[in-house]
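First up is the structure itself, then whatever we jot down about it.
Number of protein chains: 2
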Amino acid sequence: MTSGSLKMQTFTEENYLKTIFFLSIDTDVWVSTNALAESTNTRAASVSDMLKRLSEKGLINYQKYRGVRLTDEGERLALLVIRKHRLWEVFLAEKLQFGWDEVHVIAEELEHIRSERLVEKLDAFLGYPQFDPHGDPIPDADGQMPAFRYRKLSEINEGNTVIMTGVSEHSSAFLQHLDKSGLMLGCQVKVQEINRFDKSINVLIDNRQTVFISHEVAKNLLVK
Amino acid sequence: MTSGSLKMQTFTEENYLKTIFFLSIDTDVWVSTNALAESTNTRAASVSDMLKRLSEKGLINYQKYRGVRLTDEGERLALLVIRKHRLWEVFLAEKLQFGWDEVHVIAEELEHIRSERLVEKLDAFLGYPQFDPHGDPIPDADGQMPAFRYRKLSEINEGNTVIMTGVSEHSSAFLQHLDKSGLMLGCQVKVQEINRFDKSINVLIDNRQTVFISHEVAKNLLVK
DNA sequence: TATAATTTTTAGGTTAGTCTAAATTTTTTA
DNA sequence: TAAAAAATTTAGACTAACCTAAAAATTATA
Chain A
1 MTSGSLKMQT FTEENYLKTI FFLSIDTDVW VSTNALAEST NTRAASVSDM LKRLSEKGLI
61 NYQKYRGVRL TDEGERLALL VIRKHRLWEV FLAEKLQFGW DEVHVIAEEL EHIRSERLVE
121 KLDAFLGYPQ FDPHGDPIPD ADGQMPAFRY RKLSEINEGN TVIMTGVSEH SSAFLQHLDK
181 SGLMLGCQVK VQEINRFDKS INVLIDNRQT VFISHEVAKN LLVK
Chain B
1 MTSGSLKMQT FTEENYLKTI FFLSIDTDVW VSTNALAEST NTRAASVSDM LKRLSEKGLI
61 NYQKYRGVRL TDEGERLALL VIRKHRLWEV FLAEKLQFGW DEVHVIAEEL EHIRSERLVE
121 KLDAFLGYPQ FDPHGDPIPD ADGQMPAFRY RKLSEINEGN TVIMTGVSEH SSAFLQHLDK
181 SGLMLGCQVK VQEINRFDKS INVLIDNRQT VFISHEVAKN LLVK
């Protein structure tokens, strides 16, 4: 009635769909059982079990020993969960003043609240935001997400200046590290010097402060 | 870490605690297995199972064949869930423009989101409301709820005028019926005539319209 | 106060989601 | 390309939360 799809998914099923969706982006198409086990913090045997169930429900295409990919319906559901997650993150950050390092964990719970009306009203209340506090695009009500073009800071050449538009790692530890370095969404970043040995870089932020950034961190900073 | 109590409760356990709390108010002290089975839409056997578990966790005092009552810790947890439920109801009604007949069902899910910080920030965002959209008092962060003095409209004598302060029934059907009759929280209600046969009453609302109210409805309207 | 009716508990079973250990399939490598 | 290594699945078990049916305890009644 309220959900659009006939059968409700459990929290766990929704989490698997979401995880498969994100892994499909990185690994292109077929997602392995082991990759899923690692991402969901379970064992491969448990994943195998769940894949059978999701397959019976028509949410994934599952070929034994080959791997898994989302069906159209599975992808639609995954994107709706991601939509909810990101809208709630905007709510937490903008309305309740949570830091961008805090919103992810809470949104992991809120994303499973089942009410289409709630999502649409929340969207309106927030002014139809396009991006969440980490710069990730928010899918629309039909599960469409703008294909987002970006580069990693680690790919920018010496001397070039870019704008920071997102992060590809959402852990509190990482985000708090960025806070300490003075890096935030929308800031201007000039790559002053790239260390050839370890690929660490020296950047100038907003023409004010110079900071040292490891390659590991630079790989997770999205810029344009 | 975030929860105050050492062991997290499941959604189901939280729902049992809440149900026991409300049944204790009506039935005074000892709540029976059958009453719980009816309220939770399960069978008595399932309730027995759960009572053993809650008892082992120290959240209830359970005496076989006698019934059950909350321990101090159980009551504290119940009141924190009720606090969250009612705060979310205020959010849904005031910020997202949901009708008071819609908020209960959604808040049943939101009340289980686990984050103390979230509750306190939500409370602040809403301006520390005292009552939810149905006129029910909101417990404070320590689980204290103001003992609320009220009368039922069905107990008011002919000729008297009162203010509607709450409802003791939260179903959409009931609340939509009130909407149609023009009854809302804060309105002035004058009891013009009580029908001796079926105890139905004729009331004047806000000195404007006259409405007919059945005894069944009047019993669920709280006034001062 | 013995019997009947009601309430509650116990016994045994189911499902979702997890686990470990063993078996099987696929992939790698010598 | 056969053997070793790695990945995956199957088998069998566990827990939470439910169920039905039967047994036991309590309460009501004749």
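First to last, the sequence lines map onto chains A and B.
Residues 1 to 224, numbered by my numbering, are exactly what the first sequence covers, in order.
Residues 1 to 224, numbered by my numbering, are exactly what the second sequence covers, in order.
C-beta: ideal position from N, C-alpha, C; glycine also.
Item, Value
"Cβ shell of E108 (chain B) (< 8 Å), same chain only, five flanking positions each side left out", "H85"
"Nearest-angstrom Cβ-Cβ length linking A218 (chain B) and I201 (chain B), presumed shorter than 8 Å", "6 Å"
"Proximity test, Cβ basis, 8 Å: K121 (chain A) and chain B", "yes"
"Proximal chain B residues relative to S115 (chain A), where beta-carbon distance stays under 7 Å", "I106"
"Cβ-based neighbour list, V119 (chain A), same chain, cut-off 6 Å, excluding 5 preceding and 5 following", "K84"
"Residue closest to T10 (chain B), alpha-carbon to alpha-carbon, out of B:R149, B:H112, B:L153 and B:L80", "B:H112"
"Proximity of V211 (chain A) and V162 (chain A) at Cβ, strictly below 8 Å", "no"
"R151 (chain A) to N220 (chain A) span [Cα, whole Å]", "10 Å"
"Classification of F22 (chain B) by the beta-carbon crowding that lies within 10 angstroms, buried from 16 upward", "exposed"
"Cutoff 8 Å; reference N207 (chain B); Cβ partners in own chain excluding five residues on either side", "Q188 and K190"
"Delimiting residues of the alpha helix (DSSP H) encompassing N272 (chain A)", "As displayed, chain A neither begins before 1 nor continues past 224, which places residue 272 (chain A) out of reach and without an answer."
"Any C-beta of chain A under 8 Å from that of E14 (chain B)", "no"
"Same chain, Cβ closer than 7 Å to M50 (chain A), neighbours up to 5 away in sequence not counted", "Y16"
"Every unbroken alpha helix (DSSP H) inside the region 91-167 of chain A [4 residues or more]", "103-110 and 116-125"
"Within-8 Å CB hit, K57 (chain B) to chain A", "no"
"Residue(s) in a DSSP beta bridge with R69 (chain A)", "A:N61"
"Segment limits, beta strand (DSSP E) that includes L222 (chain A)", "L221 to V223"
"Beta bridge counterpart(s) of L204 (chain B) as assigned by DSSP", "B:K190 and B:T210"
"8 Å Cβ cut-off: residues of chain A touching Q97 (chain B)", "K121"
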